[in-house]
Amino acid sequence: MLVYSAQLTRYPVLSLHVGRPIAETLEPIIDPNDLKIVGFKVGGGIVGGEVGDILRTESIREFSDIGMIVDSEDVFVSRSDVVKLDEIMSLEFKLVGLKCVTKKGTKLGKIIDYTVEPTAFEIMQIVVQRPTFKAFIDPELIISRNEIVEVDDFKVTVKDEEDKIRKRATKEDFVPNFVNPFRSSGVLSFSEEPVEPEDLK
């Protein structure tokens with residue numbers, strides 16, 4: 019199941035301990051190094067005072083139609099409680115609004131949305147709004163996670179069209195066990211060389 023980013027805002031957070039909603043999500047916290055949501059800023063309900071205002075995704079027991087289910091309010095943390103979380107939040111990374119370009123520098127448009135797999139909270143697709151002069155033919159592009167080669171503060175870079183054609187020729191479109199194509203360094207990078215058809219013989 020994939021959900022759009024808008025569905026993850028103002029989403030109820032339910033506690034198993036008290037059996038009711040105790041907060042709602044306000045904003046996702048995205049790690050640009052692997053395009054995963056590592057947490058949510060939360061508000062409402064009992065949030066505030068001595069209770070933290072961040073819900074880490076690793077504390078979510080289940081994502082369901084009625085809300086994100088957690089054990090209790092004790093799972094909420096403050097930014098200063100987790101060093102890694104503080105580092106990611108310091109980047110102030112926002113995916114929506116970034117430009118999307120190909121490796122050759124062709125401008126594809128602006129990212130207006132993305133989809134998330136709500137078990138691992140990985141961003142699986144980005145939705146790109148085409149420039150005005152191209153929007154009549156193709157108003158939006160939906161680009162898969164494994165087409166992304168790099169992310170920085172200003173843009174997301176994706177494979178060129180010929181790379182996609184070459185990849186299809188190698189019959190590698192289907193991967194039974196998804197392998198994260200991103201490095202853990204400062205930016206995302208796709209390092210795998212395309213396999214030529216003759217190499218498969």
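Letter by letter, the sequence shown follows residues 19 to 219 of this note's numbering.
Glycine residues also receive a C-beta, built at the ideal position from the N, C-alpha and C atoms.
All values reported here derive from a predicted model rather than from experimental measurement.
Quiz prompt | Span separating the alpha-carbon of T27 from that of M86 | solution = Reading the sequence shown from its first residue, position 9 is the one you call residue 27. Reading the sequence shown from its first residue, position 68 is the one you call residue 86. Distance between the alpha carbons of T27 and M86: 11 Å.
Quiz prompt | Cut-off 8 Å between Cβ atoms - residues of its own chain near H35, not counting five sequence neighbours on either side | solution = Along the sequence shown, read from residue 1 onward, the residue named residue 35 stands at position 17. Apart from the 5 residues on each side of it in sequence, H35 sits with its Cβ closer than 8 Å to the Cβ of D89, S90 and E91 in its chain, given in chain order.
Quiz item: How would you call I84, buried or exposed, if buried means at least 16 neighbouring beta carbons within 10 angstroms?
Solution: As a position in the sequence shown, residue 84 is number 66, starting the count at 1. With fewer than 16 Cβ atoms within 10 Å of its Cβ, I84 is classed as exposed.
Self-check item: Sequence ranges, beta strand (DSSP E) only - wholly within the region 66-93, length at least 3
Solution: Correct list: 72-74, 80-82 and 85-88.
Quiz item: Who are the near neighbours of T133 in its chain, counting only those whose CB is closer than 6 Å to its CB and skipping five residues on each side?
Solution: Position 115 of the sequence shown, counted from the start, is the residue given in the question as residue 133. Residues of the same chain with a CB within less than 6 Å of the CB of T133, apart from the 5 flanking positions on each side, are L20, Y22, M142 and Q143 in chain order.
Practice problem: Apply the 10 Å Cβ neighbour rule to S33 and answer buried if 16 or more other Cβ atoms are within range, or exposed otherwise. | Solution: Taking the sequence shown and counting its residues from 1, one reaches residue 33 at position 15. Buried, by the Cβ-count rule.
Quiz item: DSSP three-state call for D131: helix, strand or coil?
Solution: Your numbering for residue 131 matches position 113 in the sequence shown. Of the three classes helix, strand and coil, the one that applies to D131 here is strand, per DSSP.
Quiz prompt | Length of the line joining the Cα atoms of N51 and Q147 | solution = In the sequence shown, counting from the first residue as 1, residue 51 sits at position 33. In the sequence shown, counting from the first residue as 1, residue 147 sits at position 129. Each residue's Cα considered, the two are about 23 Å apart.
Quiz item: Contact check, I129 vs D49 under 8 Å by CB: the rounded distance?
Solution: On the sequence shown, position 111 is the one that residue 129 refers to. On the sequence shown, position 31 is the one that residue 49 refers to. The pair is not a contact, with the Cβ atoms about 16 Å apart (cut-off 8 Å).
Exercise. Could you pull the start and end residues of the beta strand (DSSP E) that K54 belongs to?
Key: The residue you call residue 54 lines up with position 36 of the sequence shown. Counting along the chain, the beta strand (DSSP E) containing K54 begins and ends at K54 to G61.
Exercise. Answer yes or no: do G61 and E42 have a C-beta to C-beta separation smaller than 8 Å?
Key: In the sequence shown, counting from the first residue as 1, residue 61 sits at position 43. In the sequence shown, counting from the first residue as 1, residue 42 sits at position 24. Less than 8 Å divides the Cβ of G61 from the Cβ of E42.
Self-check item: DSSP beta-bridge partners of Y22
Solution: Indexing the sequence shown from 1 puts residue 22 at position 4. For Y22, the beta-bridge partners assigned by DSSP are T133.
Quiz prompt | Cβ-Cβ distance between K121 and D178 below 8 Å | solution = Residue numbering aside, residue 121 sits at position 103 when the sequence shown is read from its first letter. Residue numbering aside, residue 178 sits at position 160 when the sequence shown is read from its first letter. It is a contact, given that the beta carbons lie within the stated cut-off.
Self-check item: Counted within 10 angstroms of its Cβ, other Cβ atoms place G115 as buried (16 or more) or exposed
Solution: Here residue 115 refers to the residue found at position 97 when the sequence shown is read from its first residue. Counting of Cβ neighbours within 10 angstroms places G115 among the exposed residues, the total staying below 16.
Self-check item: Secondary structure of R38, DSSP reduced to three states
Solution: Within the sequence shown, numbered from 1, the residue matching residue 38 stands at position 20. It is a strand residue.
Self-check item: Where K173 falls: helix, strand or coil (DSSP)
Solution: In the sequence shown, residue 173 corresponds to position 155, counting from 1. When DSSP states are grouped into helix, strand and coil, K173 belongs to the strand group.
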